[in-house]
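In the numbering used here, the protein residues as written are 5 to 348. Just so it is clear, CB atoms sit at the ideal spot from N, CA and C, and this is done for glycine as well. Quick notes on the structure that follows.
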Ligand SMILES: [Ca+2]
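Printed below as a string of structure tokens:
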């Protein structure tokens with residue numbers, strides 16, 4: 005290989021890595037957008053804080069043994085705090101975001117994963133009434149199909165953020181997640197050693213916070229554990245159950261790209277106003293590229309994500325946003341699902 009080709013390959017690899025890292029931070033930024041508006045209260049020392057937390061945890065049913073094992077030698081994690089501080093504020097356009105997180109490579113892998121795990125995905129999809137292409141899409145976006153679930157010990161990250169996040173509100177949020185996480189350990193669904201995730205405490209194939217795990221995790225293979233970390237069947241079913249629990253409509257489309265008429269009233273854009281498909285059509289909103297709308301009485305929102313085209317979106321799009329409250333995220337989930345299953 006001559007030197008010039010080598011150099012080009014090197015530049016290309018660095019670029020891919022850069023896009024991957026930006027995508028990763030982008031996702032975390034959406035899930036945990038910092039709220040710096042409130043002042044912090046006076047800080048207890050770490051040891052005093054752990055003592056106080058221990059009493060609360062025990063009062064809420066955590067055994068002293070489980071607590072003490074989990075907190076043995078634990079100190080706040082500077083990496084976690086630095087990551088919380090350094091969330092990028094730069095705003096990408098929708099299409100740039102979608103095309104980097106929903107890259108050709110991720111879609112290609114998704115197709116391979118569908119071949120490999122199709123039987124399980126189809127069975128789970130069938131029993132929950134959720135199109136398996138969406139399960140694959142969440143799995144791919146959240147943990148790169150289980151290849152990147154994060155290396156931060158969940159108890160340590162949550163304890164750090166419960167102790168020292170920016171605001172009392174966030175501290176309270178993470179404290180609640182921390183106690184739920186101790187409950188997961190106590191019930192034996194995962195060992196402390198394997199309980200690892202991204203820096204803010206989301207973990208496993210579907211990157212659930214402990215509160216989502218508590219509400220939606222499923223023991224699909226019926227071995228007694230709701231294991232979203234090492235059992236793919238459980239992880240797939242947990243994603244599907246999350247969607248069903250938030251109102252997923254079996255067989256429902258997420259949305260359709262549309263053309264808006266000139267001079268459309270911009271105050272109608274977004275999630276405050278919904279109208280039936282027929283009403284939007286009467287106002288001159290029409291599908292592009294020969295697509296068609298679902299039933300005329302279907303409830304729909306008109307959105308135009310920053311730097312992207314306009315869409316009419318339906319109930320299932322809003323359900324996707326319950327996983328991560330971001331239009332960019334939901335649009336990307338839908339795009340990957342459609343691309344893996346070649347619907348567009
Ligand atoms: Ca299980």
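>> In whole angstroms, give me the CA-to-CA distance for residue 4 and residue 194.
In response: In the structure displayed, the chain extends from 5 to 348; residue 4 sits before or after that span and is not available.
> For residue 156, which residues does DSSP report across the bridge?
Replying inline: Under DSSP, the beta-bridge partners assigned to residue 156 are 201.
> When the Cα of residue 263 is compared with those of 271, 241, 294, which residue comes out closest?
Replying inline: Nearest of 271, 241, 294 to residue 263, Cα basis: 294.
>> Less than 6 Å between C-beta atoms, sequence neighbours within five positions excluded: which residues of the same chain meet that for residue 114?
In response: Counting only residues of its own chain and dropping the five nearest sequence neighbours on each side, residue 114 has a CB closer than 6 Å to the CB of 140, 144, 344.
> If you run the structure through DSSP and keep just helix, strand and coil, what is residue 297?
Replying inline: Note: residue 297 maps to coil in three-state DSSP.
> Does the Cβ of residue 245 lie closer than 7 Å to at least one heavy atom of ligand 1?
Replying inline: Not under cutoff, so the answer is no.
> Three-state secondary structure (DSSP) at residue 170?
Replying inline: Coil.
> When the distance is taken between beta carbons, is residue 199 closer than 8 Å to residue 189?
Replying inline: Pairing residue 189 with residue 199 gives a Cβ-Cβ distance under 8 Å.
> If you scan the region 309 to 342 from start to end, which runs of the beta strand (DSSP E) of 3 or more residues do you find wholly inside it?
Replying inline: Taking only runs of at least 3 residues, the beta strand (DSSP E) segments lying wholly in the region 309 to 342 are 314 to 317.
> Between 63, 300, 184, which lies nearest to residue 216 when the distance is taken from Cα to Cα?
Replying inline: Among 63, 300, 184, the Cα nearest to that of residue 216 is on 184.
> Got a sec, what are the start and stop residues for the beta strand (DSSP E) residue 262 sits in?
Replying inline: Under the DSSP assignment, residue 262 falls in the beta strand (DSSP E) whose first and last residues are 259 to 263.
>> At a cut-off of 7 Å, would you count residue 235 as near ligand 1, judging by its Cβ distance to the nearest heavy atom?
In response: For residue 235, the CB falls within less than 7 Å of some heavy atom of ligand 1.
>> Looking only at its chain, what residues have a beta carbon closer than 7 Å to the beta carbon of residue 127, apart from the 5 residues adjacent to it on each side?
In response: Excluding positions up to five away in sequence, the list is empty.
>> Please report whether the beta-carbon of residue 299 lies at a distance below 8 Å from any beta-carbon of chain E.
In response: Protein chain content of the structure displayed is limited to a single chain, and chain E is not contained in it.
>> Please report the distance separating the alpha-carbon of residue 168 from that of residue 85.
In response: Going by the C-alpha atoms only, they are around 8 Å apart.
>> Bridge partners for residue 303 per DSSP, in chain order?
In response: Bridge pairing for residue 303: 280 [DSSP].
>> Given 7 Å as the limit, tell me if residue 132 has its C-beta closer than that to any heavy atom belonging to ligand 1.
In response: No, since every heavy atom of ligand 1 falls outside the 7 Å radius drawn around the Cβ of residue 132.
>> In this structure, how does DSSP classify residue 207 when only helix, strand and coil are distinguished?
In response: It is a strand residue.
>> If you reduce the DSSP assignment to three classes, tell me which class residue 290 lands in.
In response: Residue 290: strand per DSSP, three-state reduction.
> Going by the CB atoms, is the gap between residue 137 and residue 282 shorter than 8 Å?
Replying inline: Contact flag unset, no.
>> Let me check understanding here. Comparing Cα to Cα, which of 259, 221, 175, 83 lies closest to residue 323?
In response: Per the Cα distances, 259.
>> Using C-beta distances below 8 Å, list every residue in its chain close to residue 236, excluding the 5 sequence neighbours before and after it, in chain order.
In response: For residue 236, where only same-chain residues beyond five positions count, the Cβ hits under 8 Å are 121, 124, 150, 209.
> Short check: CB of residue 261 to CB of residue 291, under 8 Å?
Replying inline: With respect to the 8 Å criterion, residue 261 and residue 291 are classified as neighbours on the basis of their beta carbons.
>> So, for residue 308: in the same chain, excluding its five sequence neighbours on each side, which residues have a beta-carbon less than 6 Å away from its beta-carbon?
In response: Within the same chain, residue 308 has close Cβ partners 273, 314.
>> Let me check you understand the geometry: is the CB of residue 225 closer than 7 Å to at least one non-hydrogen atom of ligand 1?
In response: Residue 225: yes, Cβ under 7 Å from ligand 1.
> Counting Cβ pairs, one atom from each stretch, are 3 or more of them under 8 Å apart for the region 239 to 250 and the region 218 to 225?
Replying inline: In short, these stretches touch, since the Cβ pair count reaches three.
> Comparing alpha-carbon positions, which option in 162, 88, 109 lies nearest residue 148?
Replying inline: Shortest Cα-Cα distance from residue 148 to any of 162, 88, 109 involves 109.
> For residue 212, which beta-bridge partners are listed by DSSP?
Replying inline: According to DSSP, which records beta bridges pairwise, residue 212 is partnered with 207.
> Who are the Cβ neighbours of residue 164 in its own chain at under 7 Å, not counting the five residues just before and after it?
Replying inline: The answer, listed in chain order, is 80, 81, 84, 85.
>> Measuring only the C-alpha atoms, how far is residue 75 from residue 202?
In response: Taking the CA atoms as reference points, residue 75 sits about 19 Å from residue 202.
>> Give me, in chain order, the residues of the same chain whose beta-carbon lies closer than 8 Å to that of residue 312; leave out the 5 immediate sequence neighbours on both sides.
In response: So the list reads 97, 98, 99, 102, 335, once near-sequence residues are dropped.
> Per DSSP, what kind of secondary structure is residue 268 in: helix, strand or coil?
Replying inline: In the structure shown, residue 268 sits in coil (DSSP, three-state: anything other than H, G, I, E or B).
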